[in-house]
Each structure stands twice: as structure tokens, then as C-alpha cells.
Amino acid sequence: MKVFRGLVWLPALVVGCGGGGSGSAPPPPPPPPPPVPVTSTPVAEGDALLFERDTATPFSRSFGNVVTQMSDSELLSGGVAAADVDADGDVDFYVVGGNQAPNHFYRNRGDGTFEEVGSELGLDIIHWGSGPAFGDIDGDGDLDLFVGAVVGDPHHVFENRLDESEAQFVDITETTGIRLTSMNTVSATFFDYDRDGFVDLFLTHWSNHYDAGADTETVWRNNGNGTFTNTSIETGIAAALVEQNTDWTFTPNFSDIDDRLSFVEAALGIVERTQVVEGLSNDLVVLAEDRLPSGDRP
Ligand SMILES: [Ca+2]
Ligand SMILES: [Ca+2]
Ligand SMILES: [Ca+2]
Ligand SMILES: [Ca+2]
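To convert a position in the sequence shown, counted from 1, into my numbering, add 1289.
Right under this line is the structure:
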């Protein structure tokens, strides 16, 4: 078993020096302290920083790949969502990618091993899948699933009915109202931006081209009845994205960066910029962005 050892970096210590006597000229500043050499320290077996490659975990995903050339968009296919989907106390994985083999669901047995049960759970779809995300869409306490896709392949929304008679996930895409014209849906995340108790869906559509005023299909408000409404324009997100005619968004994330209790922020990762967006009631407002000058944008 190969063991990857972490490196411990010792930060340089800067020691402040006082000085100066009353009534006399201040002494010259002390010379800078000699640099402390940066060293690496092997981490001992059993140390908390130790990571191991678990070769015993059956995570192999092999299939005959007949694709000889892939477009830039097809290269974006893939992704993993991790969550305790069956609520047994350990994290399971849903693995997406390529159209050569079904997506896989790896159920964590709790003993360090996993079993692939994608077919059993109804999640063994084949498509140019991407950006899976778990979220409790219907608020019944279990995690449902959104799976994106690229190059115009269909996305999917699954309701978790593991505790019901179906004992699997059920594809509810048609009834959700989520209709996408974007060719690429690269990644997704759930977040209750309007704080109505139901998680809303945020999608990123890398490489889609837009005209002014276009709908970017980014924000989907959960109506609480199994359907979603596209609120990309009314929230201001669409206007922020179409400014440069091309949607370069991927990896949407949310965090409360300023500890203001009634506000939340969304950071949309974009190739040449990161936006911080503030959510207030039904409105999303761009607070700040770190980006290249317009002349340097692609
Ligand atoms: Ca589990
Ligand atoms: Ca649910
Ligand atoms: Ca359910
Ligand atoms: Ca909501």
C-alpha cells in the first residue's frame, strides 16, 4: 500500500524588537532577522495528517472508451456528489461522467468498502453527465438529486423515495418545470436563497453565448410543490452574466462571508472573475467582483 506523506511547513518567525531610550536619538532599526529555513518534516505513521491511498476500496470505474476525440464541452463531463444519501451515518458517492457507461452510485458499507448500486437505486443513467448535487428538494428530510449534462444531453432531477414503496430514486425531471436550452450545464448547487424553507437550485452553464437581456437559466426558485421557477432575470444574476456575452460560470458556492445574519452571499466561480452576490429576500445583487479589465477578457 502506497502511503503519501504530508509536508509540514514551518512558518518564519518574526520577532519584534523594542528599543529607544528617553532623551536620546532613536537607535537605528535592527537588521532583519535571518530567514528561517523552510523545512519539511515527514509525518509519522498514524499521525493525524497522514493520508493513504485506499487501494482496497472498489472504486474502479472501467469501460471501453470508443471516443477518439472530445470537444471542449465534452471534456467538462464528469463530477462527483458526496452525501449520506441513505442516512446510515456514512458518506456515499454518486459518480458521473462520459456517455460510455452508466453513472455509478457507491453505497458506503461503513467498514471502509463500498458497493456500486446505481442500477438498484434507479440512478444508472447514461449521458454526458456533469455536476451532480444532492439537496432535499421536497423538504421531507431525505436528499434528492440533480444531475446536469453537457453538449445538449438531458439533465435529470431525481426524488429520493428510498423509504417509500419504490425503494429507489424516481426521475421527476418532467414535472419540475426545469427546462434548459443551455447546451452545457456544468455544475450545480442547492441553496435556499429566498429563505422560504425550500432549497433553490443554482446552475452554471459554461461556454453558453448570450445576447443582451438573455436568460441565463442560472437561478431556479423552488416553489415548494415539486416545481421550480426560473428567476435568473429577476434576481439580477442573468444581467451580471450576459455582460460579456459568454457564460463562463462553473462551481457555484455559497457562504456567509460577513456574518450578517439576514444576508447570505454567493460566489460564482467564473474563469476570469469571481463574483460575490448578496441575497436579500427575492433579490440577488452583485456586491463585488474580482475580474480582469474588460480589455483583457477572453
Ligand atoms: Ca450512507
Ligand atoms: Ca427529499
Ligand atoms: Ca423522499
Ligand atoms: Ca427557497
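C-beta atoms are modelled at their ideal positions from N, C-alpha and C, and glycine is treated no differently.
The Cβ atoms of I1414 and V1439 do not sit closer than 9 Å to each other.
T1540 and L1365 have their C-alpha atoms spaced approximately 12 Å apart. Minimum Cα-Cα distance from T1524 among the listed residues G1515, D1483, Y1383, D1500 corresponds to D1483. A1372 has D1381 as its beta-bridge partners, per DSSP.
For A1422, the three-state secondary structure derived from DSSP is strand. For D1489, the CB stays at least 8 Å from every heavy atom of ligand 2. Judged by pairs of C-beta atoms under 8 Å, the stretch 1471 to 1490 does not touch the stretch 1450 to 1459, as fewer than three such pairs exist. Where A1527 is concerned, the enclosing alpha helix (DSSP H) starts and stops at 1526 to 1531. Remark: the C-beta of G1424 is outside contact range of ligand 4, defined as less than 8 Å to any heavy atom. In the three-state DSSP reduction, T1516 falls in the coil class, being neither helix nor strand. Beyond the five residues adjoining it in sequence on each side, V1488 comes within less than 7 Å, by CB distance, of G1424, D1425, I1426, F1479, F1480, D1481, N1511 in the same chain, given in chain order. Boundaries of the beta strand (DSSP E) harbouring T1493: 1489 to 1493, taken from the DSSP string.
A residue is called buried when at least 16 other Cβ atoms come within 10 angstroms of its Cβ; D1361 does not meet this threshold and is exposed. Assigned with DSSP and collapsed to three states, L1364 falls in helix.
For T1464, the three-state secondary structure derived from DSSP is helix.
The C-beta distance from G1411 to G1386 rounds to 18 Å, too long to fall under 8 Å, and the pair is not in contact. E1404 and N1397 have their alpha carbons spaced roughly 7 Å apart.
Only exposed fits N1534, as fewer than 16 other CB atoms lie within 10 angstroms of its CB. The shortest CA-to-CA distance from T1402 to any of W1417, D1379, N1392 is the one to D1379. Between the alpha carbons of N1388 and H1445 lies a gap of roughly 14 Å. Residues of the same chain with a CB within less than 7 Å of the CB of H1416, apart from the 5 flanking positions on each side, are N1388, A1438, D1442, P1443 in chain order. Around the C-beta of A1501, fewer than 16 other C-beta atoms lie within 10 Å, and the residue is accordingly described as exposed. Annotation for V1475: L1365, S1419, G1420, T1493, W1495, F1539 place their beta carbon closer than 6 Å to its own, counting only its chain and skipping 5 residues before and after. The residue from A1503, G1515, D1429 with its alpha-carbon nearest to that of I1526 is A1503. In this structure, G1466 lies away from T1505, with their beta-carbon atoms at least 9 Å apart. The beta carbon of T1462 lies closer than 6 Å to those of H1445, V1446 in the same chain, with the five residues before and after it left out. The Cβ neighbour count for S1454, taken over all protein chains shown within 10 Å, is under 16; the residue is labelled exposed. When secondary structure is reduced to three states using DSSP, D1429 falls in the coil class, being assigned neither helix nor strand. Using a cutoff of 8 Å, the CB of D1483 counts as near ligand 4, since one of the ligand's heavy atoms is closer than that.
In the displayed model, D1536 falls within a strand according to three-state DSSP. In this structure, G1430 has its CB closer than 8 Å to one or more heavy atoms of ligand 2.
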